[in-house]
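Taking it in order: structure first as structure tokens, then the write-up.
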Amino acid sequence: MTQEYKNSNVSILLIILLSFMCIMNYLNKNKDVTSVKSTLDDRVYMVAKLPDSLDAANFLAKINSNILKLIKHCKHIDKTNFKRLKELYNPNSLFELVDKSKYTAYNVNKGEEIAICIRDKNNKLLDDINSCMFIIIHELAHIMTITEQHTPEFWDNMRQLLEKAEECNVYKPIDYSKNPQYYCNQLIQETPYIFK
Numbered sequence: 017m018t019q020e021y022k023n024s025n026v027s028i029l030l031i032i033l034l035s036f037m038c039i040m041n042y043l044n045k046n047k048d049v050t051s052v053k054s055t056l057d058d059r060v061y062m063v064a065k066l067p068d069s070l071d072a073a074n075f076l077a078k079i080n081s082n083i084l085k086l087i088k089h090c091k092h093i094d095k096t097n098f099k100r101l102k103e104l105y106n107p108n109s110l111f112e113l114v115d116k117s118k119y120t121a122y123n124v125n126k127g128e129e130i131a132i133c134i135r136d137k138n139n140k141l142l143d144d145i146n147s148c149m150f151i152i153i154h155e156l157a158h159i160m161t162i163t164e165q166h167t168p169e170f171w172d173n174m175r176q177l178l179e180k181a182e183e184c185n186v187y188k189p190i191d192y193s194k195n196p197q198y199y200c201n202q203l204i205q206e207t208p209y210i211f212k
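Using my numbering, read the sequence shown as starting at 17 and increasing by one per residue.
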């Protein structure tokens, strides 16, 4: 057996193994989710496959409605960061974060996908939409921000969004430094919002 023949067999075996692992990962990742059409906005949301999946889709629809209201409220702001948010936010990109990861939310490629935790550790739907809005505004600020991570530009964008969200009644500011709160097992203890 030549070395070339052995290398080709190893390569084929690796390709088969990697393909199998990818398929298993996909099946395992998607076995716990389902697509559900909200009765509030007729959008389809990916949510946990649980008896209250319609309630979860409707909860995401409420969050989405608040996001769209916030973006509409900001439409006359002629700043690049707000224009970026208006252009990049896709209301069909929002879905439930079902894996119990260390994240409460995340967004991929500046809004291509936005996942948010909407359940407690016992899989009960959260009833505090205000905290969800704080978390989702954090993700929207990432969309607005050119730089990666939590730079001063990011915190300024989040502060501006929180102010605008208060103006259009989709968020009520909470001073988390004085009133820390748990959200999906993560403690929120600060905010860029400036209390006057």
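Backbone N, C-alpha and C fix where the C-beta goes; we use that ideal spot for every residue, glycine too.
For residue i, count neighbouring C-beta atoms within 10 Å of its own C-beta (all shown protein chains included) and say buried if the count is 16 or more, exposed if not.
i: I79; result: buried
i: E112; result: buried
i: T96; result: exposed
i: V124; result: exposed
i: Y198; result: exposed
i: I210; result: exposed
i: S51; result: exposed
i: N173; result: buried
i: T161; result: buried
i: I31; result: exposed
i: C38; result: In this predicted model, C38 has a pLDDT of only 48, less than 50, meaning its place in the structure is not dependable enough to derive any value.
i: H154; result: buried
i: I130; result: buried
i: Y42; result: Because the pLDDT of Y42 is 49, which lies under 50, any placement of that residue in the model is unreliable, and the number read from its coordinates should be weighed accordingly. It is exposed - the Cβ of Y42 has fewer than 16 other Cβ atoms within 10 Å.
i: I28; result: exposed
Beta carbon of residue i, beta carbon of residue j: below 8 Å?
i: R59; j: N108; result: yes
i: V114; j: A73; result: no
i: L156; j: Y119; result: no
i: R100; j: I152; result: no
i: M149; j: A181; result: yes
Rounded to a whole number of angstroms, what is the C-alpha to C-alpha distance between residue i and residue j?
i: K83; j: T207; result: The question names Lys, yet the displayed sequence has Ile at residue 83. If I take the Cα positions, the gap works out to 19 Å.
i: D191; j: S147; result: 12 Å
i: I94; j: E179; result: First, the amino acid is wrong: residue 94 is Asp here, not Ile. Cα to Cα, the separation comes out at about 16 Å.
i: C90; j: F98; result: 7 Å
i: K212; j: W171; result: 18 Å
i: L177; j: P196; result: 20 Å
i: S54; j: K194; result: 36 Å
i: Q205; j: K188; result: 16 Å
i: D57; j: Q165; result: 32 Å
i: E169; j: S81; result: 26 Å
i: H92; j: T167; result: 25 Å
i: D136; j: F75; result: 14 Å
Taking 7 Å as the cut-off, is the C-beta of residue i nearer than that to any heavy atom in the ligand SAM?
i: H92; result: This structure simply doesn't include the ligand SAM, nor any ligand for that matter.
Which residues does DSSP list as the beta-bridge partners of residue i?
i: I204; result: Q197
i: A64; result: V49
i: F111; result: A131
i: Y122; result: A131
i: L141; result: R135
From this set, the options, which residue's C-alpha is nearest residue i's C-alpha?
i: N138; options: E129, L66, A157, D57; result: L66
i: L110; options: F98, I134, D94; result: I134
i: Q202; options: N74, I132, L56, L86; result: I132
i: D68; options: K140, N106, Y122; result: K140
i: K88; options: K102, F75, N185; result: K102
i: C200; options: M62, G127, Y187, I145; result: I145
i: E183; options: V49, T167, M62, K85; result: K85
i: T163; options: N185, V186, K126, D143; result: K126
Under 8 Å between C-beta atoms, does residue i make it to chain B?
i: S193; result: In the structure shown, chain B does not exist; there is a single protein chain.
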